[in-house]
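**Student:** So the protein sequences, as listed, match chains W and L. Its first residue numbered 10, the first sequence is counted upward by one per residue in my numbering. Its first residue numbered 885, the second sequence is counted upward by one per residue in my numbering. Don't be surprised by glycine CBs; every beta carbon is placed ideally from N, CA and C. Keep in mind that this is a model prediction, so the values were computed, not measured.
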Amino acid sequence: MSAAEVLAAVLLAGGCVFFVAGTVGLLRFPDVYGRLHAMTKADNLGMLLVCAGLAVLAGSWRATFLLVLVWVLGMLAASVSAHLIARHARREGGAAGTPSGAPADPPGGAPT
Amino acid sequence: VNVSLAIDAVLALGLVTLAVLVTSGRALFRDIVLFVVFGLIVALVWARLGSADLALAEAAIGAGVTGALMLIAHRRLGGTTTFEAADRPAPPRFALPVAILVGSAVAVIGLSALGIERVVEGAGAAAQARTGETGLRNPITGVLLAFRNLDTLLEMVVLLAALLGAWAIAGPEEPDPVHRATRDTPLVAALLSAVVPLSVLIATHLLLAGTDQPGGAFQAGAVLAGCGVLLVLTGTLRPAAAAGFVTRLLVVAGAAAFVLVGVGAMAFGSPPMTMPGGWAVYLVETAMMLSIAVTLTLLFARSRGLRGEER
């Protein structure tokens, strides 16, 4: 394995760790806000690391630019959805620490 | 251990598990979410099989737009999330025999398919050999727009029929509460200002790329429809009671352009549905993309037309 491949493997594995942690948080945290907190970590850092790993593997500026675009768009969609879901939960009276206000019908539409 | 075989095995197992979960679930909302996940896994499977075109179409239409349609239908049905035991009708007594019959038929066909020798000189090989004559370098687009374009035309007609059917059974308009929650936050406008132009850009790219790379009218139309769904959800596009002339034109554009080009070719002595050149393919594909996008957006908005935001 070349140095670039090792670097890519480390970045991809790191990204997967964030995704696993985010998923565990989504399943285990007690309320909407905690779950959102866990998911946004996966969306932001996990996807950044995966995109960075793929960019190293691809080794071209064009692919890197497209991957950065993917990451920015994903983050944009994730932040706005998280904001809308959290606000909906708060308005529906879901207090922190209770599983109420579950995001059965997030106003942001399809989950990201 | 063969890594790619392991990935395929995980995908196959996941597909079967998800299929069972989707169909046996008791919570409608959960089933819809699982169906979307199922669509995404199917897209991954197509990607693993090297069918980027199908993977794109499945992810955009099968998982994305269909998921959005089912979620909005679920909301309009009153958001019931669980079935009561009493609501579930008892399975008809033919269910088990039919299931066994169908299962064995699938097994027999599958087993006999394993033994079939690979046909080298099939229609696929002939199509691939002559793709160049269509002026298209993507054989998928060649099949969709040139070799088997009657099928593609009928798909457009099916989409049109679905919209007409939805219009026929749709009840009177109700004010839809979907958009209200999103109007007083600046983030939504910021998201739209980034996503809408990019959707148009990506759709155009997919349409143009379809001639020599994966892509085409269906993928491009689905991306635009996703953009339309977002605009409807955020209240930027509002349902209108009547379809205006432009809406009607856009809805029939795909089928109409196809028929006009296909029948027009006969006037010049070509067989029916011949694409007279690359320009015709672009014309028909653009019209199809617009029809697909507008039809799916109208189905999502449950309306006959769309109008701009009230200011």
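Just to confirm, are Gly1189(L) and Ala1126(L) a CB contact at a threshold of 9 angstroms?
**Tutor:** Counting from one through the second sequence, the residue named residue 1189(L) turns up at place 305. Counting from one through the second sequence, the residue named residue 1126(L) turns up at place 242. For Gly1189(L) and Ala1126(L), yes; Cβs fall inside 9 angstroms.
**Student:** Please say whether Ile945(L) and Ala1141(L) have beta carbons closer to each other than 9 angstroms?
**Tutor:** Translated into the one-based positions of the second sequence, residue 1141(L) becomes position 257. Translated into the one-based positions of the second sequence, residue 945(L) becomes position 61. Result no, Cβ atoms of Ala1141(L) and Ile945(L) do not sit closer than 9 angstroms.
**Student:** Could you tell me the alpha carbon to alpha carbon distance between Phe913(L) and Val920(L), rounded to whole angstroms?
**Tutor:** In the second sequence, counting from the first residue as 1, residue 913(L) sits at position 29. In the second sequence, counting from the first residue as 1, residue 920(L) sits at position 36. Phe913(L) and Val920(L): Cα-Cα distance of roughly 11 angstroms.
**Student:** Under 9 angstroms between C-beta atoms, does Leu1071(L) make it to chain W?
**Tutor:** On the second sequence, residue 1071(L) is found 187 positions in, with the first residue counted as 1. Leu1071(L) counts as touching chain W.
**Student:** Relative to the alpha-carbon of Ser888(L), which residue among Gly923(L), Leu928(L), Leu1037(L) and Leu995(L) has its alpha-carbon at the smallest distance?
**Tutor:** Here residue 888(L) refers to the residue found at position 4 of the second sequence. Of the listed residues, the one whose Cα sits closest to Ser888(L) is Leu928(L).
**Student:** Given a limit of 9 angstroms on CB to CB distance, which residues of the stretch 60-89 of chain W reach chain L?
**Tutor:** The residues in question are Leu78, Val81, Leu82, Leu85, Ala86, Ser88 and Val89.
**Student:** Would you mind giving the Cβ-Cβ distance between Leu1175(L) and Val1147(L), rounded to the nearest angstrom? I have them listed as a contact below 8 angstroms.
**Tutor:** Here residue 1175(L) corresponds to residue number 291 of the second sequence, with the count starting at 1. Here residue 1147(L) corresponds to residue number 263 of the second sequence, with the count starting at 1. Per the sequence shown, the amino acid found at residue 1175(L) is Ser instead of Leu. That belief does not hold up - the Cβ atoms of Ser1175(L) and Val1147(L) are roughly 18 angstroms apart, past 8 angstroms.
**Student:** Under the three-state reduction of DSSP, which class applies to Gly102(W): helix, strand or coil?
**Tutor:** By one-based count along the first sequence, residue 102(W) stands at place 93. Note: Gly102(W) maps to coil in three-state DSSP.
**Student:** Who are the near neighbours of Val1027(L) in its chain, counting only those whose CB is closer than 7 angstroms to its CB and skipping five residues on each side?
**Tutor:** Taking the first residue of the second sequence as position 1, residue 1027(L) is located at position 143. Contacts found: Ala1011.
**Student:** Where in the stretch 47-71 of chain W do unbroken runs of the alpha helix (DSSP H), each at least 4 residues long, occur, reported from the N-terminal end onward?
**Tutor:** Listed in chain order, the complete alpha helix (DSSP H) runs (minimum 4 residues) inside the stretch 47-71 of chain W are 56-67.
**Student:** So Leu1075(L) contacts chain W; which residues on that side make the cut at Cβ distance below 8 angstroms?
**Tutor:** Within the second sequence, numbered from 1, the residue matching residue 1075(L) stands at position 191. Correct list: Leu85, Ala86 and Val89.
**Student:** To the nearest angstrom, how far is the alpha carbon of Trp1051(L) from that of Arg1186(L)?
**Tutor:** Within the second sequence, the letter at position 167 stands for residue 1051(L). Within the second sequence, the letter at position 302 stands for residue 1186(L). Answer to the nearest angstrom: the Cα atoms are 8 angstroms apart.
**Student:** Determine, using beta carbons only, whether Val1145(L) and Val1178(L) come nearer to each other than 9 angstroms.
**Tutor:** Locating residue 1145(L) in the second sequence gives position 261, counting from the first residue. Locating residue 1178(L) in the second sequence gives position 294, counting from the first residue. Contact flag unset, no.
**Student:** Could you tell me whether the Cβ atoms of Leu1037(L) and Ala1101(L) are closer together than 9 angstroms?
**Tutor:** The residue labelled residue 1037(L) in the question sits at position 153 within the second sequence. The residue labelled residue 1101(L) in the question sits at position 217 within the second sequence. The answer is no: Cβ separation not under 9 angstroms.
**Student:** Below 9 angstroms between beta carbons: does that hold for Thr1158(L) and Ala1149(L)?
**Tutor:** The residue labelled residue 1158(L) in the question sits at position 274 within the second sequence. The residue labelled residue 1149(L) in the question sits at position 265 within the second sequence. Contact flag set, yes.
**Student:** Interface residues of chain L around His92(W) at Cβ under 8 angstroms?
**Tutor:** Start at 1 with the first residue of the first sequence, and residue 92(W) comes out as number 83. By Cβ distance, chain L contributes Thr1069 and Leu1071.
**Student:** Would Leu1104(L) and Gly1094(L) qualify as a contact pair, given that the criterion is a beta-carbon distance under 9 angstroms?
**Tutor:** For the purposes of this step, residue 1104(L) is taken as residue 220 along the second sequence, with counting starting at 1. For the purposes of this step, residue 1094(L) is taken as residue 210 along the second sequence, with counting starting at 1. The question names Leu, but residue 1104(L) is Ala in the sequence shown. Cβ distance < 9 angstroms, so Ala1104(L) and Gly1094(L) count as in contact.
**Student:** Step through the CB atoms of chain L and report whether any lies within less than 9 angstroms of the CB of Ala99(W).
**Tutor:** Reading the first sequence from its first residue, position 90 is the one you call residue 99(W). The question names Ala, yet the displayed sequence has Arg at residue 99(W). Chain L, which has no Cβ nearer than 9 angstroms to the Cβ of Arg99(W), makes this no.
**Student:** Would you mind stating whether Val885(L) and Thr1025(L) have Cβ atoms separated by less than 9 angstroms?
**Tutor:** Counting from 1 along the second sequence, the entry for residue 885(L) is found at position 1. Counting from 1 along the second sequence, the entry for residue 1025(L) is found at position 141. For Val885(L) and Thr1025(L), no; Cβs fall outside 9 angstroms.
**Student:** Report yes or no: is there a C-beta of chain L within less than 9 angstroms of the C-beta of Arg37(W)?
**Tutor:** Here residue 37(W) is taken as the residue at index 28 of the first sequence, counted from 1. No, Arg37(W) lies away from the interface with chain L (no Cβ there is under 9 angstroms from its Cβ).
**Student:** Who are the near neighbours of Met84(W) in its chain, counting only those whose CB is closer than 6 angstroms to its CB and skipping five residues on each side?
**Tutor:** As a first step, residue 84(W) is located in the first sequence; it is residue number 75 there, counting from the start. Here the set comprises Asn53.
**Student:** I need the straight-line Cα distance from Ala939(L) to Ala1109(L), nearest angstrom please.
**Tutor:** Locating residue 939(L) in the second sequence gives position 55, counting from the first residue. Locating residue 1109(L) in the second sequence gives position 225, counting from the first residue. Rounded to whole angstroms, Ala939(L) to Ala1109(L) spans 17 angstroms at the Cα level.
**Student:** Just the chain W side, please: which residues come within less than 7 angstroms of Ala941(L) by C-beta, in chain order?
**Tutor:** Translated into positions along the second sequence, residue 941(L) becomes position 57. Within 7 angstroms Cβ-Cβ: nothing; Ala941(L) doesn't reach chain W, min ~17 angstroms.
**Student:** Hey, would you say Gly951(L) sits closer than 9 angstroms to Gly923(L), going by beta carbons?
**Tutor:** For this step, residue 951(L) is matched to residue 67 along the second sequence. For this step, residue 923(L) is matched to residue 39 along the second sequence. Yes.
**Student:** At a Cβ threshold of 9 angstroms, is Arg44(W) touching chain L?
**Tutor:** As a working mapping, residue 44(W) is identified with position 35 in the first sequence. Chain L, which has no Cβ nearer than 9 angstroms to the Cβ of Arg44(W), makes this no.
**Student:** Got a sec, what are the start and stop residues for the beta strand (DSSP E) Ala974(L) sits in?
**Tutor:** Along the second sequence, one-based indexing puts residue 974(L) at 90. Ala974(L) -> no beta strand (DSSP E), and no H or E assigned at all.
**Student:** Give me the DSSP bridge partner(s) of Leu1190(L).
**Tutor:** Within the second sequence, numbered from 1, the residue matching residue 1190(L) stands at position 306. Bridge partners of Leu1190(L): Pro1123(L).
**Student:** Keeping to the same chain, check which residues put their C-beta closer than 8 angstroms to that of Val15(W); ignore five residues upstream and five downstream.
**Tutor:** Position 6 of the first sequence, counted from the start, is the residue given in the question as residue 15(W). Excluding residues within five positions, none has a Cβ falling inside 8 angstroms.
**Student:** Taking Cβ to Cβ, would you say Val1072(L) is nearer than 9 angstroms to Val89(W)?
**Tutor:** Counted from its first residue, the second sequence places residue 1072(L) at position 188. Counted from its first residue, the first sequence places residue 89(W) at position 80. Going by C-beta atoms, Val1072(L) is nearer than 9 angstroms to Val89(W).
**Student:** Mind checking whether Leu20(W) and Gly62(W) have CB atoms under 9 angstroms apart?
**Tutor:** Here residue 20(W) refers to the residue found at position 11 when the first sequence is read from its first residue. Here residue 62(W) refers to the residue found at position 53 when the first sequence is read from its first residue. It is a contact, given that the beta carbons lie within the stated cut-off.
**Student:** In terms of residues, what are the limits of the alpha helix (DSSP H) holding Thr1036(L)?
**Tutor:** For the purposes of this step, residue 1036(L) is identified with residue 152 of the second sequence, where counting begins at 1. Here the alpha helix (DSSP H) through Thr1036(L) covers Asn1033 to Ile1053.
**Student:** What are the boundary residues of the alpha helix (DSSP H) that Met1172(L) is part of?
**Tutor:** One-based indexing of the second sequence puts residue 1172(L) at position 288. Start and end: Gly1162 to Ala1185.
**Student:** Kindly indicate if chain W contains any beta-carbon less than 9 angstroms away from that of Val1079(L).
**Tutor:** Within the second sequence, numbered from 1, the residue matching residue 1079(L) stands at position 195. So yes, Val1079(L) belongs to the interface.
**Student:** Report the residue ranges of all alpha helix (DSSP H) runs contained in full by the stretch 1091-1119 of chain L; include only those spanning at least 4 residues, in chain order.
**Tutor:** Fully enclosed alpha helix (DSSP H) runs of 4 or longer: 1101-1117.
**Student:** Given this structure, state the Cα-to-Cα distance separating Ala113(W) from Met1173(L), to the nearest angstrom.
**Tutor:** Looking up residue 113(W) in the first sequence gives position 104. Looking up residue 1173(L) in the second sequence gives position 289. Residue placement at Ala113(W) is poorly supported in this model, since its pLDDT is 44, which falls under 50; the coordinates still yield a value, given next. Cα-Cα distance, rounded: 32 angstroms.
**Student:** So that I know if they touch, is there some Cβ in chain W lying closer than 9 angstroms to that of Leu1091(L)?
**Tutor:** Within the second sequence, residue 1091(L) is the residue found at index 207, counting from 1. Answer no: the Cβ-Cβ gap between Leu1091(L) and chain W never drops below 9 angstroms.
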